[in-house]
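J.: Numbering (UniProt numbering), first residue to last: 1 to 145.
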């Protein structure tokens, strides 16, 4: 009986280790500090390689000022990015002066150019909440690994 338990424990360690190792991929993001509206720093010269096993997400901060829109883009750890985006959620009012919106994503160069506007914007807030919950779950899973 003890032998079977040891094999099960070994299997769990191997499975968890495999998934944790699989997350060790390097992501590329755009990185810049405070560029105005006409240059949202989504050109090839702003592409950086994020730190493996540390920075697993891209972060984008959009600040609306009286003189225009400023951008800050970078690599980030999932925990830091999700905490920042949740912390600034009450300050995010697109189209209003002094709005600050922080978003996180985990695919290569996902903090790039602004997406084109679509017709049905009513689904965006609901989708944003679902994505945030999924990303928080992922962050906790990564921390466990």
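Note that beta-carbon positions come from the ideal geometry of N, C-alpha and C, so glycine has one too.
#1: Thinking residue 81 and residue 104 are a contact (beta carbons under 8 Å), I'd like their distance in whole angstroms, please.
#2: Whole angstroms is fine: what's the gap from residue 97's alpha carbon to residue 35's?
#3: Could you tell me the distance, in whole angstroms, from the CA atom of residue 91 to the CA atom of residue 100?
#4: So what does residue 75 bridge to, in DSSP terms?
#5: Note down, in chain order, each residue of its chain lying with its Cβ closer than 7 Å to the Cβ of residue 54, except the 5 sequence neighbours on either side.
#6: I think residue 26 touches residue 47, with their Cβ atoms under 8 Å apart; what is that distance to the nearest whole Å?
#7: Determine whether the beta carbon atoms of residue 41 and residue 71 lie at a separation below 8 Å.
#8: Looking at the strands, I want to know which residues DSSP matches up with residue 157.
#9: Tell me the rounded alpha-carbon separation between residue 30 and residue 95.
#10: Measure the C-alpha to C-alpha separation of residue 64 and residue 102 and round it to an integer number of angstroms.
#11: If the criterion is Cβ atoms closer than 8 Å, does the pair residue 73 and residue 32 meet it?
#12: Using a 10 Å radius around the Cβ and a threshold of 16 neighbouring Cβ atoms, would you call residue 66 buried or exposed?
T.: Inspection of the coordinates gives the following:
#1: In the chain shown, counting from the first residue as 1, residue 81 sits at position 81. In the chain shown, counting from the first residue as 1, residue 104 sits at position 104. Confirmed, about 4 Å.
#2: As a position in the chain shown, residue 97 is number 97, starting the count at 1. As a position in the chain shown, residue 35 is number 35, starting the count at 1. Near 16 Å, if we compare the C-alpha coordinates of residue 35 and residue 97.
#3: As a position in the chain shown, residue 91 is number 91, starting the count at 1. As a position in the chain shown, residue 100 is number 100, starting the count at 1. For residue 91 and residue 100, the distance between alpha carbons rounds to 5 Å.
#4: Position 75 of the chain shown, counted from the first residue, corresponds to residue 75. DSSP lists 58 as partners of residue 75.
#5: Position 54 of the chain shown, counted from the first residue, corresponds to residue 54. Contacts found: 77.
#6: Counting from 1 along the chain shown, the entry for residue 26 is found at position 26. Counting from 1 along the chain shown, the entry for residue 47 is found at position 47. Residue 26 to residue 47, Cβ: 12 Å. No contact.
#7: Position 41 of the chain shown, counted from the start, is the residue given in the question as residue 41. Position 71 of the chain shown, counted from the start, is the residue given in the question as residue 71. Yes. Within cutoff.
#8: Given a span of 1 to 145 for the chain in the structure shown, any question on residue 157 remains unanswerable.
#9: Along the chain shown, one-based indexing puts residue 30 at 30. Along the chain shown, one-based indexing puts residue 95 at 95. Roughly 23 Å between the two C-alpha positions.
#10: Counting from one through the chain shown, the residue named residue 64 turns up at place 64. Counting from one through the chain shown, the residue named residue 102 turns up at place 102. Within the model, the alpha-carbon separation for residue 64 versus residue 102 is close to 12 Å.
#11: As a working mapping, residue 73 is identified with position 73 in the chain shown. As a working mapping, residue 32 is identified with position 32 in the chain shown. Yes.
#12: Position 66 of the chain shown, counted from the start, is the residue given in the question as residue 66. With fewer than 16 Cβ atoms within 10 Å of its Cβ, residue 66 is classed as exposed.
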